[in-house]
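**Q** Before I ask anything, here is the structure I am working with.
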Amino acid sequence: MQPKSTSGNATNAETLEWVINTAPPFHIVSGPLKGQGICDVLIDVVDEAIPELKSNRTVFPQTRITQQFDRNHNQCFPCMIHRPSSSSATYTEPTHFYYPHGIITTQEHAALITEKYGNPVKLEKLVSDNSFQLGYPAGRRYPSLQHIIDGVSGTEITRVVHTGENATAAILAMIKSGRIDYTIEYQILQNFDASTSGTTPLTFLPIAETEGNFVLGAIGCTNNEWGRNMVNAINQVLPEVRESPEFLEILDLWFRNNPEPEPYRELLRSRVWQDTN
């Protein structure tokens, strides 16, 4: 008997090899909210929509995931930024969107930063100020802001790059302990910290250079025949995935602090669904 094919040319003889990392609230691998990360639920909904495919999940550090893409290792990572393509990855149509990156810091540092660099914060000025130390996980990239961060690459004393598992949570702990002063992240990370931490909540500050922007999320797979087949198969079911009640509820949970007047779901329809359905 021939294996049953999906409309995207992937067959049930293949396995959708998911790679995930310990980066809440994208992936939550332990604790009371285990499995309730945005991309945990996205995987669940995609798997349910493509029962013809087997599914496997493996947890790796972000640096390992990046290396495996570069080495043409068959894998799909559900929490990537949407791009037409790259040398190492191919992307599905957008799945959802993120509000732009901002500064996460303590309340005390937030007051000092806004006094010196405004609100929204002028990031180019802040990263050049050696009195405030920036930290972020190894492998973390900020497409709209990376040129600003790279512009101070010669002043390493301003930056701390954390490697290994649970790097995102470790960065927040370093801010609270005073080892670093701030990080650059989505507001959903501050929402996660407020939901799970018993300590004083951290503060989120918007960044002037990306004010009013948004970032499209997508699933990325290795840019080879296997990955393109997987992307084609996922794209076939994306209309139902985007409107899955389970997926919409988890988006509502983590994007509950909306910096724009329109509700997240209304913006989701206009920014993600309108031109792709």
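Going from the sequence shown to the numbering used here is simple: count from 1 and add 3.
In this text, a Cβ means the ideal position worked out from N, Cα and C, and glycines have one as well.
Could you compute how far the alpha carbon of Asn238 sits from the alpha carbon of Asn59?
**A** As a first step, residue 238 must be located in the sequence shown, where it is residue number 235. As a first step, residue 59 must be located in the sequence shown, where it is residue number 56. Looking at the two C-alpha atoms, the distance is approximately 19 Å.
**Q** So, is Asp184 buried or exposed, given that buried needs 16 or more other C-beta atoms within 10 angstroms?
**A** If you number the sequence shown from 1, residue 184 lands on position 181. Asp184 is buried by the Cβ-count criterion.
**Q** Since Pro146 contacts Thr171 with CB under 8 Å, what's their CB separation in whole angstroms?
**A** Mapped onto the sequence shown, residue 146 falls at position 143. Mapped onto the sequence shown, residue 171 falls at position 168. That belief does not hold up - the Cβ atoms of Pro146 and Thr171 are roughly 18 Å apart, past 8 Å.
**Q** Tell me whether Ala221 sits in a helix, a strand or coil according to DSSP, three-state version.
**A** The residue labelled residue 221 in the question sits at position 218 within the sequence shown. Of the three classes helix, strand and coil, the one that applies to Ala221 here is strand, per DSSP.
**Q** Going along the chain, which residues of its own chain have a beta-carbon closer than 8 Å to the beta-carbon of Leu57, five neighbours each way excluded?
**A** The count along the sequence shown starts at 1 and reaches residue 57 at position 54. Checking the sequence, you will find Lys at residue 57 rather than Leu. For Lys57, where only same-chain residues beyond five positions count, the Cβ hits under 8 Å are Asn15, Glu17, Thr18 and Leu19.
**Q** Let's test the definition: count the other Cβ atoms within 10 Å of the Cβ of His99 and tell me whether it reaches 16, buried, or not, exposed.
**A** As a first step, residue 99 must be located in the sequence shown, where it is residue number 96. By the neighbour-count rule (16 or more Cβ atoms within 10 Å), His99 is buried.
**Q** Looking at C-beta atoms only, is the number of pairs between the region 202-213 and the region 246-258 that lie closer than 8 Å three or more?
**A** With a cut-off of 8 Å, the region 246-258 and the region 202-213 do not count as touching, because too few Cβ pairs lie within range.
**Q** Please look up how many angstroms separate the CB atoms of Val234 and Thr95, rounded, as I've assumed it's under 8 Å.
**A** Counted from its first residue, the sequence shown places residue 234 at position 231. Counted from its first residue, the sequence shown places residue 95 at position 92. Rounded, the Cβ-Cβ distance is 5 Å, consistent with contact.
**Q** What do you reckon, are the CB atoms on Ile191 and Pro28 nearer than 8 Å?
**A** Sequence index remark: in the sequence shown, residue 191 carries index 188 (1-based). Sequence index remark: in the sequence shown, residue 28 carries index 25 (1-based). Yes.
**Q** From Thr66, Tyr101, Leu148 and Cys79, pick the residue whose C-alpha is nearest to that of Glu228; which is it?
**A** Reading the sequence shown from its first residue, position 225 is the one you call residue 228. When each option's Cα is compared against that of Glu228, the closest is Cys79.
**Q** Measure the C-alpha to C-alpha separation of His76 and Trp21 and round it to an integer number of angstroms.
**A** In the sequence shown, counting from the first residue as 1, residue 76 sits at position 73. In the sequence shown, counting from the first residue as 1, residue 21 sits at position 18. So the two alpha carbons sit approximately 11 Å from each other.
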